[in-house]
Amino acid sequence: MSDLELRAGASPADAPRPPGRGRGRHRMPRPSALFAALFVGFLLVAVVWPGLLETAPPDAIAPAEAFQPPSAGHWFGTDESGRDVYSRVIAGTAPSLLIGVLATAIGLALGLLLGGVAALGGRVLDFLIGRVNEVLFAFPGILLALLVIVLWGPGPVTATIAVGLSTAPGYARIIRGQLLAIRGSGYVEAARVLGHGRARILGAHILPNALVPIAALATLGVGQAVVWASSLSFLGLGAQPPAAEWGAMLSAGRTYLGTAWWLTVFPGLMIVATTLATTVLGRTLTARDGARR
Amino acid sequence: MPATSRRPGARAAARLALPLAAVAALALAGCTAADPGDASSTPKPGGTLVYATGDAEPDCLDPHVGGNYPQALLAGQVLESLVSLDEDRQVIPWLAEAWTTSDDGLSWDFTLRDDIVFTDGTPFDAAAVKANVEHLQDPATQSSTGYLAVGKVASVEVVDETTARFHLTAPDSALLESLAQPWTAMESPAGLARGMEENCRAPIGSGPFVVDAWVPQDHVSLVRNEDYRGGPADRGRDGAAYLEAIEWRFLPDAASRYAALQAGQVDVIDNAQPDALRQAREGADGLVEIDAPRPGASNRIELNSGQAPFDDERVREAFIRAVQVDAGIDSLFFGTADRSHSVLSSVEPLAYSDPTLFEPDLDAANALLDEAGWSAKGADGIRTKDGARLVLRFPVSTNQSIPAEQSLFEQIQATAKEAGFEVQLEPLDLSSWYGALFAHEYELVSAPYTKIGPDVLRILYHSDSIVPAPSGYFANLAQLSNPELDALLTEAASASDPAERAADYEAAQRIILEGFYALPLYDQQNQYLHRDAVQGARALPTVSTPWFADAWLAD
Numbered sequence: 001m002s003d004l005e006l007r008a009g010a011s012p013a014d015a016p017r018p019p020g021r022g023r024g025r026h027r028m029p030r031p032s033a034l035f036a037a038l039f040v041g042f043l044l045v046a047v048v049w050p051g052l053l054e055t056a057p058p059d060a061i062a063p064a065e066a067f068q069p070p071s072a073g074h075w076f077g078t079d080e081s082g083r084d085v086y087s088r089v090i091a092g093t094a095p096s097l098l099i100g101v102l103a104t105a106i107g108l109a110l111g112l113l114l115g116g117v118a119a120l121g122g123r124v125l126d127f128l129i130g131r132v133n134e135v136l137f138a139f140p141g142i143l144l145a146l147l148v149i150v151l152w153g154p155g156p157v158t159a160t161i162a163v164g165l166s167t168a169p170g171y172a173r174i175i176r177g178q179l180l181a182i183r184g185s186g187y188v189e190a191a192r193v194l195g196h197g198r199a200r201i202l203g204a205h206i207l208p209n210a211l212v213p214i215a216a217l218a219t220l221g222v223g224q225a226v227v228w229a230s231s232l233s234f235l236g237l238g239a240q241p242p243a244a245e246w247g248a249m250l251s252a253g254r255t256y257l258g259t260a261w262w263l264t265v266f267p268g269l270m271i272v273a274t275t276l277a278t279t280v281l282g283r284t285l286t287a288r289d290g291a292r293r
Numbered sequence: 001m002p003a004t005s006r007r008p009g010a011r012a013a014a015r016l017a018l019p020l021a022a023v024a025a026l027a028l029a030g031c032t033a034a035d036p037g038d039a040s041s042t043p044k045p046g047g048t049l050v051y052a053t054g055d056a057e058p059d060c061l062d063p064h065v066g067g068n069y070p071q072a073l074l075a076g077q078v079l080e081s082l083v084s085l086d087e088d089r090q091v092i093p094w095l096a097e098a099w100t101t102s103d104d105g106l107s108w109d110f111t112l113r114d115d116i117v118f119t120d121g122t123p124f125d126a127a128a129v130k131a132n133v134e135h136l137q138d139p140a141t142q143s144s145t146g147y148l149a150v151g152k153v154a155s156v157e158v159v160d161e162t163t164a165r166f167h168l169t170a171p172d173s174a175l176l177e178s179l180a181q182p183w184t185a186m187e188s189p190a191g192l193a194r195g196m197e198e199n200c201r202a203p204i205g206s207g208p209f210v211v212d213a214w215v216p217q218d219h220v221s222l223v224r225n226e227d228y229r230g231g232p233a234d235r236g237r238d239g240a241a242y243l244e245a246i247e248w249r250f251l252p253d254a255a256s257r258y259a260a261l262q263a264g265q266v267d268v269i270d271n272a273q274p275d276a277l278r279q280a281r282e283g284a285d286g287l288v289e290i291d292a293p294r295p296g297a298s299n300r301i302e303l304n305s306g307q308a309p310f311d312d313e314r315v316r317e318a319f320i321r322a323v324q325v326d327a328g329i330d331s332l333f334f335g336t337a338d339r340s341h342s343v344l345s346s347v348e349p350l351a352y353s354d355p356t357l358f359e360p361d362l363d364a365a366n367a368l369l370d371e372a373g374w375s376a377k378g379a380d381g382i383r384t385k386d387g388a389r390l391v392l393r394f395p396v397s398t399n400q401s402i403p404a405e406q407s408l409f410e411q412i413q414a415t416a417k418e419a420g421f422e423v424q425l426e427p428l429d430l431s432s433w434y435g436a437l438f439a440h441e442y443e444l445v446s447a448p449y450t451k452i453g454p455d456v457l458r459i460l461y462h463s464d465s466i467v468p469a470p471s472g473y474f475a476n477l478a479q480l481s482n483p484e485l486d487a488l489l490t491e492a493a494s495a496s497d498p499a500e501r502a503a504d505y506e507a508a509q510r511i512i513l514e515g516f517y518a519l520p521l522y523d524q525q526n527q528y529l530h531r532d533a534v535q536g537a538r539a540l541p542t543v544s545t546p547w548f549a550d551a552w553l554a555d
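Take a look at the structure:
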């Protein structure tokens, strides 16, 4: 019994909340995490109430004011049709971020299903899913996404599904590993010895303990998915005109890179900052999760 | 094997040759430095010119098949036509030395040059002309441009080796102009006989260059035709091209094309963008511009009058009155393009223009739409009628439309919205774009059409052109069907009196413009940029494709 207790104590997440033994530096968030959280907050405002932040209607054209450099009136300058780049960057947050979040959700859901079946569904299924996953891994994710778009045609919905599908194999593999580790852990063994049913073991022990690290992982994944979604829009396969979307704005501004840098720099910065912020947040969550164990 | 035993020796020779060549080059450089004026004016044979095209890569290099501008660009280096045009747009000899027409205009005799041989050794003669016209008219060729160009040719008779007689079904005032185009260029009959697949890969002509290899998605290599002796009558010299070869690269991205030119990786680019042109005009980077607007139609947006909502003239007029174009052209093209109010190119002497029809007037547009029954408005400001939204589908071929033009379309989309139109812009690759047109899934479309002379009106707006050509393409994208217009266009195409022809074409253009079937934007922009080291390159006045038979590299 004591041996079992010891092993259980060392295994993942026997205590769901950090008791007093968490290290101090994890209590106070680091400045980087604070900035990241603030920036994500800003993004959320831009998604939910873009009107609060926009200084001009994002689609309103004014050819006479085209190609103006950043100024007090147009913080990020104006584009080739005289539209306010800052307002378009704000308006572009929702499609860019939504595609990223939804795609991650799709990838995660599929990953959970595939990883769960592989880990808990017996050897044959594990073998089959493992081989299919290996084939999918052989392709770069963006290539898989392109394939999906070729089959279903361009557009924001297809882009979301495409990015989601192509991230799924990665999640499936990690989730399978996580589940296998937990299934073999002492406390699950203990629960089994105590006579708990399969469903109860899965619901009460395995899933909750697997989900915490996966949530952190998903936060990391959102950044990646935003980059992928922007890449697809950059190629003209995501958002369609005149919708403001960061990747599409990059693509349109690229023509004028030599004469009007602000058309590409600001949407580019937003993509970088978003990826950075979600990554920092994801890492902070992972670190906290690690500290809890 | 002898080949392997010889190789080390060859390498040693190469090693020796390199320093020698360097010394020789230095010595030569010394000579030219002493006499710079001479170096820039005396053509220097040899070298490979790298041409980067932004036009779509053709599926088939034979311009008889289909017949679009990307094919013409490349075919112009390889094939030759019966006649050409000079700078004043007068017809001049090329493969045909002279021509006469009968009094009734139903038969034409072409006297051919007797010293021309195709690059596969087949002689060029009247039988070759007959074979080419028959190839264009054969449905299996799937020709559209060339097929329409020789539409009135009933047959070609081989009178003797150097005389080809064209028998027509009706007089054709545009026959010479049609035959000056690259889409009706002469190919080796033996080459045509190889079958479509092989001929598409490497058409055989009598031009200054020969197709050597085609690496799809990358480039076509052209090598010099050492026996070349032809050329249009305004060429001014005989003999083979100076350039040893041309590497014809496909570089669809405008920014990378311009960057490659600036870096000296390529020598010539086509489809130069407005901002690049502005820089070149300001004298940057030692770049030279060739401005050669395409003949035929202007760049215009066609309004599909064949189905709702544009089957109602009031809705068409409302759209044209609602959109703002002028300011956008000024800002997006940096003054490199002028607004057009004609469906014909400004290089066409018979172009008719009426700016008053295109004055923007939002109030008038709103009134017209109310009158046409599109009076209800949804919450998003889009008008509706019997539950249907006022949607205009606008497929855009990203291969045939430059970024500045696509931005202009976005501005049109924004201004049309103020009147309650929902314009759905769909950027598509070429084959999906054709797919949308063939399925009639469009209300607006911009399709460049290049042809020599005002007869392009017959191709674009005669009701016969609603019927698809063998390739599936139909040129009357406005789906304009008007018997009066048909009669005028037919009469003009047969008219022998120039004044009558001009009057007919003016009346025809008035019907098109006053019926609001098209929104003209500007001439088909066609600007090339090349490094100043490229000398002697020019655009042929026929359809403004570049011609490199007399080009050479000064460095």
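For the protein sequence lines, the chains are D and A, in the order given. Each residue of the first sequence is one higher than the last, beginning at 1 in my numbering. Each residue of the second sequence is one higher than the last, beginning at 1 in my numbering. Glycine included, each C-beta is placed from N, C-alpha and C at the ideal position. These numbers come from a predicted model, not from an experiment.
query	result
Terminal residues of the alpha helix (DSSP H) in which residue 321/A lies	313-322
Distance, residue 204/D Cα to residue 198/D Cα	10 Å
Sequence-distant residues of its chain with Cβ nearer than 6 Å to residue 93/D (five each side left out)	43, 46 and 47
Pick from 148/A, 79/A and 420/A that is closest to residue 177/A, judged by C-alpha positions	148/A
The stretch 486-501 of chain A touching the stretch 325-343 of chain A, judged by at least three CB pairs closer than 8 Å	no
CA-to-CA distance, residue 180/A to residue 275/D, given in whole angstroms	57 Å
Proximal residues, the stretch 73-84 of chain D versus chain A, C-beta separation under 9 Å	79, 80, 81, 82 and 83
Nearest candidate by alpha-carbon position, reference residue 158/A, set 185/A, 107/A, 202/A and 494/A	107/A
Members of the stretch 326-341 of chain A that neighbour chain D once the beta carbon cut-off is set at 8 Å	327, 328, 330, 331 and 332
Contact with chain A by residue 255/D, beta-carbon distance below 8 Å	yes
Exposure of residue 102/A, with buried meaning 16 or more beta-carbon neighbours within 10 Å	exposed
Endpoints, beta strand (DSSP E) assigned at residue 617/A	Because residue 617/A is not part of the residues shown, which for chain A are 1 to 555, the question remains open.
Contact residues within the stretch 237-253 of chain D, judged by C-beta distance below 8 Å to chain A	240, 241, 242 and 252
Neighbouring residues, chain A, relative to residue 142/D (Cβ below 9 Å)	Correct list: empty, because the minimum Cβ distance to chain A is about 18 Å.
Residue 269/D versus 86/D, 82/D, 128/D and 118/D, residue with shortest Cα-Cα distance	86/D
Within chain D, partners of residue 362/A - CB distance below 7 Å	None at all; the shortest Cβ gap to chain D is about 14 Å.
Contacts that residue 254/A makes with chain D (C-beta to C-beta distance below 8 Å)	255
C-alpha gap between residue 251/A and residue 211/D, whole angstroms	48 Å
Ranges of the beta strand (DSSP E) found wholly within the stretch 194-260 of chain A, counting only runs of at least 3	209-215, 219-224 and 245-250
Residue-level contact to chain A via CB, residue 259/D, 8 Å cutoff	yes
Expected contact under 8 Å - CB spacing of residue 45/A and residue 552/A to nearest Å	7 Å
Amino acids of chain D, ordered along the chain, whose beta-carbon sits closer than 8 Å to that of residue 275/A	255, 256, 258 and 259
Proximity below 8 Å, CB of residue 172/D to CB of residue 111/D	yes
Cα-Cα separation between residue 10/D and residue 143/D, rounded to whole angstroms	Residue placement at residue 10/D cannot be trusted, given a pLDDT of 39 that sits under 50; the coordinates are not used to answer.
Nearest candidate by alpha-carbon position, reference residue 145/A, set 187/A, 112/A, 67/A and 165/A	67/A
Proximity test, Cβ basis, 8 Å: residue 407/A and chain D	yes
Cutoff 8 Å: residue 427/A Cβ touching any chain D Cβ	yes
Residue 393/A - containing beta strand (DSSP E), residue span	391-397
Cβ-Cβ separation, residue 237/A to residue 455/A (assumed contact under 8 Å), whole Å	Actually they do not touch by this definition, with Cβ atoms about 32 Å apart.
Beta-bridge pairing of residue 425/A - partner residues as DSSP gives them	394/A
8 Å Cβ cutoff, residue 297/A in contact with chain D	no
One or two residues paired with residue 299/A in a DSSP bridge	522/A
Local Cβ density within 10 Å of residue 397/A, reported as buried at 16 or more and exposed below that	buried
Pairwise C-alpha distance: residue 66/D and residue 74/D	11 Å
Selection from 193/A, 377/A and 383/A that minimises the alpha carbon distance to residue 131/A	193/A
Where residue 441/A sits in the DSSP three-state scheme	coil
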